[in-house]
Each structure stands twice: as structure tokens, then as C-alpha cells.
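Residue numbers (the working numbering), protein chains in the order written: chain R, 571 to 779; chain U, 571 to 779.
In this text, a Cβ means the ideal position worked out from N, Cα and C, and glycines have one as well.
Predicted model only: the values in this text are computed from it and were never measured.
Before any comments, here is the structure.
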DNA sequence: ATCTTATTGTGATTAGAGGCACATGCGTGC
DNA sequence: GCACGCATGTGCCTCTAATCACAATAAGAT
Ligand SMILES: NC(=O)c1ccc[n+]([C@@H]2O[C@H](COP(=O)([O-])OP(=O)(O)OC[C@H]3O[C@@H](n4cnc5c(N)ncnc54)[C@H](O)[C@@H]3O)[C@@H](O)[C@H]2O)c1
Ligand SMILES: NC(=O)c1ccc[n+]([C@@H]2O[C@H](COP(=O)([O-])OP(=O)(O)OC[C@H]3O[C@@H](n4cnc5c(N)ncnc54)[C@H](O)[C@@H]3O)[C@@H](O)[C@H]2O)c1
């Protein structure tokens, strides 16, 4: 089981499952069937069972899944049982919103470094107390603070350069908000968050049906 | 051709192609091969040709695609040849960043209405001059201003309620930033933008490889 | 202890998307 | 005006992912 290649879509769904499970916990639900969970997540029940089957057996036949246990297990699979250290590059409108967002902290994502090229911003403190540093210190600071993930919130033109610096600083995972395709060497994972693409999808839908 | 079912992934890629084509125009490139475009977008050349083939023939054999023409055609396919009217609900950190974002305007997405439940915010003007209205005026204002897409930037607990109101106001497309699954009737398209899911993907990658 | 009921885990099946490879056809040069 | 080179458009194949359907099995009732 462990050695099968796991679809990327499965990982994405696992993330969704953790959310649904967290709301179930809030609602004091202790046991959930794949059917019910599937409804909450908008997927097929068999899909859930199969997704989980990649990693082992977590349910009880005839009963379902114990919510708290399953949440624990899925979080562990995803690597959410520990804290992750992030750096943000580009503390503009979007960057500030991200740093301020307290859900991330709750989930174990912590911003431990911030960078911006704007001389007016360097040295200033964010609401969280984080000091903004110049980009040329990225290498040293990221290594010092053991940054594991980099978040790019600069204009698109600089994104590739920033990515290179992050990689150079030993960062192996990048979340890119700039609307551009970033090249990274093997062993470095890049995820893009792209609002306009989503809007374009909606535009297409409204245009064509 | 026109009547085949078109994969969602194709639409997403078309959006990527428009970006690459726009940068090519900036670089004064007039003709591009599927091979070159594929490199820029990080996809397979045949994929590009196939994606375009769903909608017609746009290239010249032995030559490639005329950049400007192709951009025009792809934009038209996506419905980006016109302006779209958006409403934002929840003008917090993220909501403000979105409204302030000038790329959207450049692409033809225009925020024509803003809503927030916070009494301190109602009546205030955003940087764009847009006035913040209370949620109970959503129905009338959206209809008045002919809002076509709704953007949800409220905390997750309120997202479904907001979505219902938007649907009620005739909005047929919703971009949801709240980390929750939204139910909408047939004929209404919901797209989710979910940062934490992307972070979770990175966490999984760093944990498992 | 056995039967019933519910729901998992999974092999088989179906659907679909991506990639290959070649025939098609346009432009250029001779 | 003809031949050659080059990149498109597309049929076919492969591979992957999603769904179905059922056998395995746990809990509770009789
Ligand atoms: N704001 C949005 O809603 C939104 C939506 C979609 C995409 N994006 C993308 O996210 C990115 C940031 O958007 P924003 O609205 O925050 O823009 P912004 O202009 O408010 O902020 C950009 C920040 O990056 C900094 N910066 C510029 N060059 C830099 C460099 N080389 N190194 C470090 N920092 C640098 C600037 O000083 C500024 O603080 C852009 O690529 C934008 O296209 C934003
Ligand atoms: N900020 C981020 O980086 C980030 C990242 C991921 C997800 N999100 C999600 O985006 C959403 C907004 O995030 P944010 O950081 O802007 O939060 P925020 O708290 O800064 O803003 C939320 C806004 O919504 C308003 N609001 C609350 N209830 C409302 C209602 N019923 N009707 C209308 N408005 C209402 C609030 O008054 C506030 O202005 C949240 O769901 C959050 O989880 C944000």
C-alpha cells in the first residue's frame, strides 16, 4: 500500500477531509460514515475510502470512522502534526493579509521571516511583530531561522528571481501567488495560487454555459 | 468540435496560455509555435494543440500561431473580450487586497459593489471609491448594478449564507475564499480558492517526498 | 451462539485525460 | 511551378483516476 504512487488529487482531498472532520468535532459528532463525510466534502463515498486505503485501514466495518482518530491520522499523513516555518517575500496588500491570517497559525503554519524590496518597508514591523528584511538577507536569515516554505507575494516580474533565492537558501517548498510560471529544480515543490485563473473559469462558464 | 464536452483542465490551461501570450506580446514576438508556448507554460505541445482544437483551427501549418490573433481568439473563448461586474462580500484583510488589486481591472474584472456586516465599515469608502454596504442590501444592489460574479471573503461560518443571498440576487458565478464547501443550485458555478489546501500539499511533500 | 444490519475495504469496470506519431497543408526557395 | 521543410491538427493508444459493486467483517439484537 505505502509504496503505490499516490495521486495528487488524493492529497488535496485529504486536506478537505481534515476540514470537514474539524467541523464535525465542533459539532460533537464522534463517528462518521464515508457516506456522510462524502456529502460534506462533495465527493463520492468510495473515493474517500480509496483515498484512505492508500495509507492503511482507519475505519470500523459496520460503524464508520471515529472522527477524532481519523482527523489525527489524516493530519499525520499530511504532516500537520508539527509546526512549519514559513517566510514571506513581498509584504504588500496580499502579503499583509496572509501574515495577519490567524487560521494559518492555528493550523501550524508560522511566518518566521519577511522580506520586501521597498526601502520604506525595510525595518518596519508587521502586526505580528515580524520585522521586514531586505531580499539580499534572504539566504542568511532563512538558513538561520530554518525556513521550510517560502511564500511569494511580489509582482510577477520578480517571482522567478525570488524563487531562485529561496531555493538557494535551502527552501524546498514554495507557494507562489504571482501570476507566472516558476521554474524550480527537482526536489523543490512549487504550488501556485492563481485567482485570475479561477475568475477566467467563471467567465468561461457564464459565457458558454 | 463545438459539441464535445471540454475538460475543465483545458479551460484552466487556456487561461495560462493568455498570460504567456501577453508576455510574448510585450517581448514583441509575433509568431509562436506550440513547442515554444508549451515550454513557457510547462505543458506538452500536443496538449496545447489539442486544447485549441476543441474550439477551432487557429494556427498556420509550418509556421505556428500569430501571437496577437491567438490571444484575441483565446480571450474570446474564455469570455474575456468584455467587462465583468463583480461584488465583494467581506471587506477584511483579504477582501481589501482583492479590491485594490489593479491586475483584475486590467483583465476586465470590475468590482461594482462591496458588502460587509461590520457596522464600523458600512458607509465607508474603499480606495477605489466603492462604498461598503450592509449585507441585507445585497439583493437590491446586485440586481441594480447587474452584478455577475460574487466574491466571498467572509469567515467560513457565513460563507454559505452569503452564497445563498448572492444566488438569490441572481448571481450565477461565485469565487469563494472561505475555507468551506459551498452548496449552490444547478446553474450556479462555484470556484474555490483555497490557500491552506496548497500549504497542506507542500507539507505532505516535505514530509513524504 | 447465531442472525441481522450497517459500512468498510477492495477487485473489477468505466471514464477520461494526456501523449505519441503521422498525415496534412502552408510557406519559402530554387 | 515544383519540391522541401516545418509545424499544425488529429486518430489512436496508453495510463491514470474515479466509480461501481460486492465480499469481508464488526456491533448489536435475538
Ligand atoms: N492582491 C491581490 O488580490 C492579488 C490577486 C491575485 C494575484 N496577486 C498577485 O500577488 C502579488 C502581490 O500582490 P499585491 O496586491 O500584494 O501587490 P503589492 O504591490 O501590494 O505588493 C507587492 C510587494 O512586493 C514588494 N516587492 C516588489 N519587488 C520585490 C522584490 N524584488 N523583492 C521583495 N519584495 C518585492 C513590493 O515592495 C510590495 O510591497 C502580485 O504578483 C499579484 O499579481 C494579488
Ligand atoms: N487573509 C488570508 O490570508 C486568508 C487566507 C486563506 C483564507 N482566508 C479566508 O478568507 C476569508 C477572509 O479572510 P480575512 O483575512 O480577510 O478575514 P478578516 O477577518 O480580515 O475579514 C473578514 C471580513 O468579513 C466581514 N464579515 C463577517 N461576517 C460577515 C457577513 N455575515 N457578511 C458580510 N461580511 C461579513 C467582517 O466584518 C470582516 O470585514 C476567511 O474565510 C479566511 O479564512 C483568508
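- Sorting R:763, R:748, R:743 and R:699 by C-alpha distance to the C-alpha of residue 755 (chain R) places R:743 at the top.
- According to the DSSP secondary-structure assignment, residue 744 (chain R) is paired through a beta bridge with R:720 and R:760.
- With a contact defined as Cβ atoms closer than 8 Å, residue 650 (chain R) and residue 678 (chain R) qualify at about 6 Å.
- Per DSSP, residue 775 (chain U) is one residue of the alpha helix (DSSP H) stretching across 765–778.
- Counting the other Cβ atoms within 10 Å of the Cβ of residue 647 (chain U) gives 16 or more, which makes it buried.
- Contact check for residue 638 (chain R) and residue 692 (chain R): beta-carbon distance about 45 Å, past the 8 Å limit, so the pair fails to qualify.
- Cβ neighbours of residue 750 (chain U) within its own chain (closer than 6 Å, five residues either side excluded): 726 and 729.
- If you check the CB distance, residue 657 (chain U) and residue 669 (chain U) do not come in under 8 Å.
- Listed by position along chain R, the residues whose Cβ is nearer than 9 Å to that of residue 674 (chain U) are 765, 766 and 769.
- Shown here, residue 685 (chain U) sits in a strand according to DSSP, grouped into three states.
- The shortest CA-to-CA distance from residue 661 (chain R) to any of R:584, R:601, R:686 and R:653 is the one to R:686.
- Residues of the stretch 620–636 of chain R with a C-beta less than 9 Å from any C-beta of chain U: none at all.
- At least 8 Å separates the beta-carbon of residue 763 (chain R) from that of residue 759 (chain U).
- Between the beta-carbon of residue 712 (chain U) and that of residue 741 (chain U) there is about 6 Å, and that keeps the pair under the 8 Å contact cut.
- A heavy atom of ligand 1 is found nearer than 7 Å to the CB of residue 671 (chain U).
- With fewer than three CB-CB distances shorter than 8 Å, the stretch 608–625 of chain U does not count as touching the stretch 704–721 of chain U.
- With respect to chain U, the C-beta atom of residue 582 (chain R) has a partner C-beta closer than 8 Å.
- Within chain U, 769, 772, 773 and 776 have C-beta atoms less than 9 Å from the C-beta of residue 719 (chain R), given in sequence order.
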